[in-house]
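Just so we're aligned, residue 1 is where the sequence shown starts under UniProt numbering, counting upward by one.
Here a beta-carbon is modelled for each residue, glycine too, at the ideal position from N, C-alpha and C.
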Amino acid sequence: MSHKTIAVLDASELKDGEMKQVGFEGDGKVLLSRLGDKIHATSAFCTHYGAPLAKGVLTADGPCFNVCTGDIEDAPAPSALHSFKAEVKDGKIHVTADPSLTTSANKSRPPKLLATGSDVPVGQTKGVVIVGGGSGAFMAIESLREHGYKGPITVLSKEHHSPIDRTKLSKALISDASKLELRSTAELRAKYGVNLRQGVEVTGVELGNKEVVIGATQEKVPYDTLVLATGGIPRRLPIPGKDLSNVYTLRGVEDAQKIDAAAQEGKRLVVIGSSFISMEVVVAVSSRKLVSIDVIGQEEFPFEAVLGKQVGAGLKKFHESKGVKFHMQSKVEKIIPSDSDSSRAGAIVVQGSDGKSTTLQADVVIMGVGVAPATEYLKNSKGFEQVLERGGGVFVDEFLQVKGVPDVYAIGDIALYPQHGTGETRRIEHWNVAGNHGRAAGKTIAEGKGQPFVKVPVFWSAQGQQLRYCGVGAGFDDVVIDGNPDELKFVAYYTKGETVIAVASMQKDPVVSKASELIRLGLMPSKSEIKSGKDLLSIDISSVKAKPKVA
């Protein structure tokens with residue numbers, strides 16, 4: 001690599017606690033961050049979707065990258081940033097870097113692993129066993145090795161590919177697993193030393209013997225520490241016709257392949273459910289010249305349960321401008337087989353709020369009505385009776401360890417964990433949360449000690465513009481809106497009494513990044529302060545603790 005040292009900015013133009021993106025050589029960009037008298041330089045773009053980090057927030061202890069080292073601190077980023085030498089000479093900030101590492105096409109580097117596959121002792125067979133092959137499993141693997149765990153890691157996954165960026169299935173209907181892999185199967189096996197077993201189904205756990213039971217063969221896989229990361233299973237409404245061949249749910253690559261092939265020009269699409277997965281698929285196919293797109297929802301507006309009526313109305317207006325027809329405050333009575341092929345759906349019977357039924361013609365039906373925890377394999381596993389709730393979630397403590405069950409962790413969609421700040425136990429079905437759970441559990445296992453999980457849930461959705469959301473808004477009793485949801489440009493504050501419990505925005509970055517940190521640190525202004533015009537971005541959190549990052 002050929003390094004160059006370039007003066008990129010007057011030192012006086014970068015204030016303490018501030019970040020700036022500056023040009024390097026050619027198309028190169030570098031992110032500068034000033035913390036007291038120290039200046040740091042890193043890659044300028046997020047390693048997940050390539051967003052410019054200068055539009056983020058500099059915080060003392062939170063997502064997503066450490067500006068001093070470039071290391072990952074928070075999901076969903078799968079790779080770390082490059083870190084460059086920065087110093088002040090003659091009143092100018094000079095950065096030394098290989099120009100090729102400053103471009104958006106080469107923005108990331110692999111994390112620094114304190115242990116690799118070559119460190120696993122010969123003949124040692126137990127170690128950590130991870131059940132599941134999603135983002136939680138991947139982040140747990142990476143965190144284990146990043147924090148020096150040298151023992152064996154075995155992954156038992158139902159899927160036939162390595163862990164993928166599942167968010168791109170609904171947001172873009174990308175159906176080629178090789179384009180979605182967070183790390184290739186070969187890399188996980190060679191570099192990380194993972195015994196990655198694909199296409200296997202776990203049917204039970206024997207806590208007394210510390211073994212996992214696989215499939216019909218009843219093969220038993222021993223473990224020292226077990227991580228349960230089995231995610232969710234899409235629900236289907238209990239109605240006639242729910243299992244017809246062209247009625248799809250979306251969870252894995254094969255689902256995306258089927259929907260992608262079916263939802264083509266000239267087809268009539270009916271979507272059951274009006275929340276995030278459903279509406280992301282609608283966005284993904286809206287340019288395909290379908291004959292019709294009908295969305296059926298139980299609420300008055302799409303997204304209403306999470307985002308409220310005003311934001312839901314604004315998003316409904318956007319989708320209607322793209323030709324989507326909504327049937328809200330309605331329920332599906334049945335799915336009728338096609339006259340020409342009884343194995344396929346041909347129409348949907350919908351009952352409206354007035355009690356009258358309408359029949360919608362359909363060539364493709366997508367059912368997006370939530371997921372259930374994938375924990376069927378635990379129901380007959382002795383020792384889980386007291387920690388498995390009726391809905392299938394697994395109760396864990398603040399360290400994500402299954403309550404009362406030594407050496408077993410549950411993460412992601414299945415974990416009922418105490419929420420930071422309130423102590424309320426809740427499952428959070430966000431890809432980002434699963435990844436952060438994996439990172440936290442991996443660190444705890446590797447170091448033999450843990451810290452309570454305190455990260456604030458964050459998710460995002462493509463709905464004409466990028467929608468960003470942080471917090472746990474369940475049970476909000478009011479919404480304070482700054483901006484205009486009809487223009488998809490707003491900040492929405494979800495409150496319970498005087499407490500702001502969640503924040504959503506469109507075209508208002510980096511408000512949600514800032515809000516997530518304010519919620520975590522207990523510094524979020526009250527509802528009254530927000531209504532009086534308090535600006536979140538004016539609150540300085542860059543010196544609250546000693547390890548600054550960029551979110």
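Euclidean distance between Cα positions of residue 63 and residue 458 = Unreliable positioning characterises residue 63 in this predicted model, as indicated by a pLDDT of 41, which lies under 50. The coordinate reading is nonetheless provided below. Roughly 10 Å separates the two Cα atoms.
Assumed close pair residue 285, residue 263 - CB separation to whole angstroms, cut-off 8 Å = 5 Å
Mapping DSSP to helix, strand and coil, what is residue 86?
-> strand
Every unbroken alpha helix (DSSP H) inside the segment 348-375 [4 residues or more] | none
Within the segment 496-548, note down every full alpha helix (DSSP H) run reaching 4 residues or more, in order along the chain.
-> 511-521 and 527-531
According to the Cβ coordinates, are residue 366 and residue 253 closer than 8 Å?
-> no
DSSP three-state call for residue 338: helix, strand or coil?
-> coil
Give me the Cα-Cα distance between residue 337 and residue 239, rounded to the nearest whole angstrom.
-> 13 Å
Residues near residue 527 by beta carbon distance below 8 Å, same chain, minus five either side | 478, 480, 493, 495, 497, 498, 499 and 500
Along the chain, where does the beta strand (DSSP E) that runs through residue 173 open and close?
-> Run containing residue 173: none; DSSP gives neither H nor E here.
Pick helix, strand or coil for residue 4, following the three-state DSSP scheme.
-> strand
Separation of residue 195 from residue 381, as counted between CA atoms = 24 Å
Euclidean distance between Cα positions of residue 353 and residue 329 = 6 Å
Residue 243, DSSP secondary structure in three states = coil
What separation, rounded to the nearest whole angstrom, lies between the Cα atoms of residue 277 and residue 463?
-> 11 Å
Between the beta-carbon of residue 131 and the beta-carbon of residue 212, is there less than 8 Å?
-> yes
Pull up the CB-CB distance for residue 347 and residue 358, whole angstroms please, since I reckon it's below 8 Å.
-> Incorrect: roughly 10 Å between the Cβ atoms, too far for contact.
Take every Cβ of the segment 112-128, pair it with every Cβ of the segment 220-235, and state whether three or more of those distances are shorter than 8 Å.
-> yes
C-beta atoms of residue 203 and residue 377 nearer than 8 Å | yes
Which class does residue 94 belong to by DSSP, given the choice of helix, strand or coil?
-> strand
Strand pairing of residue 470, partner residues [DSSP] = 458 and 503
Which residue comes first and which comes last in the alpha helix (DSSP H) that contains residue 19?
-> Element bounds for residue 19: not the alpha helix (DSSP H) but the beta strand (DSSP E), 19-23.
Under 8 Å by Cβ, that's how I've got residue 326 and residue 317 pegged, so tell me the actual separation to the nearest angstrom.
-> At roughly 10 Å, the Cβ-Cβ gap does not stay under 8 Å, so residue 326 and residue 317 are not in contact.
Range of the contiguous beta strand (DSSP E) that encloses residue 198 = 194-198
If you compare alpha carbons, which of 251, 362 and 207 is closest to residue 168?
-> 251
Please confirm if the segment 465-474 is in contact with the segment 501-509, defined as three or more CB-CB distances below 8 Å between the two stretches.
-> yes
Please classify residue 451: does DSSP put it in a helix, a strand, or coil?
-> coil
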